[in-house]
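Novice: Before I ask anything, let me first share the structure, which is written out below as structure tokens.
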Amino acid sequence: MQNKEYFEIKGLGGQKTLSGKISVRGSKNAVLPVMASSILFDSPLELTNVPHIEDVERMRELLLDLGAESEWTSKRSLKIDSRKLKSNKLTSEISKQFRASILLSGPILAKYGKVVFPHPGGCVIGARPIDIFEDGFKKMGATVKEVGEEYHIKAPKDGLKGAEIFFKNMSVTATEAFIMAGSLARGKTVLRNCSMEPEVQSLANYLKSCGVNIKGIGTPTIEIIGKKSIKTKTPYKTLPDRLEAGSFLILGALCAKDLTITNCNPDDLMVLTEFLKDAGVPVSTTNKEIIIKNNTKPNDSFTSSNIRTHEHPGFPTDLQAPAAVFLTQTTGEATVFEGIFENRLEYTDSLVSMGADISMWNPHKVMIKGPKPLKSKELHSPDIRAGLALLIASVVAEGESVINNIYYIDRGYERVEERLRDIGLDINRISE
Ligand code: EPZ
């Protein structure tokens, strides 16, 4: 899957010459759980505004491997019919490529009573245990066995039963998996300490629109009354990707005179727009756009402030890396505290190699002193979000940079170089 492709980027050396409009695609972290939910339905599922990213292809391949049928009905509309699965075993070669494969566990177990899967793969941002899943399935009456590298989970003969589950950590995919499992369980499931990310709410609201009795969406406590059968009523319209919008916003703050980010939900990004406004960036919003206007002051006129990542509605961990690049260019000292994952600051080494002044206090905390000019480098994308951060750093830098491992960037951003070229960036995708 990971062919040898890389980006060549001509940096702006601190100039703010990008300008125009950039459109946001559907969210990876919203579309993947809804694709997994296709297994719950006794009818086909239609999804619209679907992004063309690698993880959507991987999820489709997993569903097809299980026996589902799926076809693109238009450029961004996908149809999935998972009514006749032939297997309940996730093939490891695909599921090890992305963490979201674990989302299939809840629906398969709830619908078919058994699921087999390897420890899910994904970015190297932390250990990423699945103990919350094991604990929750056991509470719903299932048995969990580790057989070699695989997990074998079996529901009771008469199916999963509703349960009271307290998540020891707020977990996005665990909250999503148990909302889906609870939708077909016998009786009521009460989930406590739930994640409240917009993507979690989008899945829950869609299931509710299909007739599932769900209460407390967007709060830490969610109650689901299971049904015997669920049918889709309308297509699912993929939520705009707040992480893509946020990455473009940070790029715009550093490198664009004027930039309008369209087809997004500014309300999902308030913590970032407020952070940038406090720094002095001329940001404004309408209900579907974020706008940077007359951004002519140099980046050292912006002031630094501390960042602490936190579950929603706090500062998103998935925007931590792009925000750190911003702080290398603003005036002052600021700490970045990564509160969710234990290994998500490694990429700062690459920024230091470009000239940034970043000192790591511990695996959760760095201190960034700005402003420091960045020099172009040959870089390697370590994960999806740090990959985009290194792209932003390359645009800020003086000179021509190369970014390798862009499969990671393609996992979460659809042909990002095409949209960046449209706002004036000299970037090319080179295939060896
Ligand atoms: C989701 O991952 C996102 N992925 C991640 O985005 C995002 O960074 C993360 O949520 C946090 O917002 C998708 O939605 C597909 P978690 P997820 O379970 O659900 C611990 C991206 O770039 N935990 O919310 O896997 C875990 O170790 C990706 O798009 C357990 O302890 O993250 C972490 O410390 C990267 N036991 C914390 O919970 C478990 O069983 C939050 O992780 C599960 C998780």
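Numbering of the sequence shown is given in this note's numbering, commencing with residue 73 and proceeding in unit increments. All C-beta atoms, glycine included, are put in the ideal place defined by N, C-alpha and C.
#1: Rounding to the nearest angstrom, what Cα-Cα distance links L460 and R258 in this structure?
#2: With a threshold of 6 Å on Cβ separation, who are the neighbours of K76 within its own chain once the five nearest residues in sequence on each side are excluded?
#3: Report the residue from G352, T358, S377, T357 whose alpha carbon sits nearest the alpha carbon of T368.
#4: Closer than 8 Å is the cut-off here; do at least three beta carbon pairs connect the segment 184 to 198 with the segment 152 to 162?
#5: Just the C-alpha distance for K210 and S173, rounded to the nearest angstrom, thanks.
#6: Return the CA-CA distance between K82 and Y479, expressed in angstroms with no decimal places.
#7: Any idea what DSSP makes of M268, helix, strand or coil?
#8: With a 10 Å radius around its C-beta and 16 neighbouring C-beta atoms as the bar for buried, classify E346 as buried or exposed.
#9: One question on the structure: do A428 and S91 come within less than 7 Å of each other, judged by their Cβ atoms?
#10: For V262, which option in F413, E295, Y308 has the closest C-alpha, if you only look at C-alpha atoms?
#11: In whole angstroms, what is the alpha-carbon distance linking F387 and L341?
#12: Here's the rule I'm using: 16 or more other beta-carbon atoms within 10 Å means buried, otherwise exposed. How should Q392 be labelled?
#13: Rounded to the nearest angstrom, what separates I202 and D498 at their Cα positions?
#14: Using the DSSP secondary-structure output, state which residues sit across from W144 in a beta bridge.
#15: When the Cβ atoms of the segment 143 to 154 are set against those of the segment 98 to 116, are three or more pairs found closer than 8 Å?
#16: From this set, P385, P354, E361, which residue's C-alpha is nearest S373's C-alpha?
#17: In three-state terms, what does DSSP make of N101?
#18: Where does the unbroken beta strand (DSSP E) through V216 begin, and where does it stop?
#19: Where does R416 land, buried or exposed, given buried means 16+ other C-beta within 10 angstroms?
#20: Give me the DSSP bridge partner(s) of N476.
#21: Tell me, please, which residues DSSP counts as bridged to V438.
#22: Please state whether DSSP places L497 in a helix, a strand or coil.
#23: Got a sec? Which residues, its chain only, sit under 8 Å from L96 by beta carbon, not counting five neighbours each side?
#24: Report the partner residues of T306 according to the DSSP bridge assignment.
#25: What is the DSSP secondary structure of D230, counted as helix, strand or coil?
#26: Counting pairs of beta carbons, one from the segment 264 to 271 and one from the segment 206 to 226, are three or more of them closer than 8 Å?
#27: Any idea if A140 is buried or exposed, counting beta-carbon neighbours within 10 angstroms, 16 or more meaning buried?
Specialist: Taking the structure as given:
#1: Each residue's Cα considered, the two are about 43 Å apart.
#2: If we look at K76 and ignore the five residues flanking it on each side, its Cβ neighbours are E504.
#3: Across the set G352, T358, S377, T357, the C-alpha of G352 shows the shortest separation from the C-alpha of T368.
#4: With the cut-off at 8 Å, the segment 184 to 198 and the segment 152 to 162 touch.
#5: For K210 and S173, the distance between alpha carbons rounds to 20 Å.
#6: Whole-angstrom Cα-Cα distance: 20 Å.
#7: Correct three-state label for M268: coil.
#8: The residue in question, E346, is exposed, as its Cβ has fewer than 16 Cβ neighbours within 10 Å.
#9: For A428 and S91, no; Cβs fall outside 7 Å.
#10: Taking only the C-alpha atoms, the option nearest V262 is E295.
#11: Near 9 Å, if we compare the C-alpha coordinates of L341 and F387.
#12: The C-beta of Q392 has 16 or more other C-beta atoms within 10 Å across all chains shown, which makes the residue buried.
#13: Put simply, the backbone Cα of I202 is about 42 Å away from that of D498.
#14: BP columns for W144 point to L150.
#15: A contact exists between the segment 143 to 154 and the segment 98 to 116.
#16: Closest by alpha carbon: P354.
#17: DSSP places N101 in helix when its eight states are reduced to three.
#18: For V216, the enclosing beta strand (DSSP E) stretches over residues 215 to 219.
#19: It is buried - the Cβ of R416 has at least 16 other Cβ atoms within 10 Å.
#20: Paired residue(s): H452.
#21: Note: V438 sits in a beta bridge opposite V408, M432.
#22: Coil, per DSSP.
#23: First, the residue type needs correcting, since residue 96 is Val and not Leu in the sequence shown. Within the same chain, and ignoring the five residues on either side of V96 in sequence, the residues whose Cβ sits closer than 8 Å to its Cβ are P312, D313, E316, A317, F320, I333, T334, N335, C336.
#24: Answer is none; T306 lacks a bridge partner.
#25: Note: D230 maps to coil in three-state DSSP.
#26: Segment contact: the segment 264 to 271 against the segment 206 to 226, fewer than three CB-CB distances shorter than 8 Å; contact not assigned.
#27: When all chains shown are included, A140 counts as buried.
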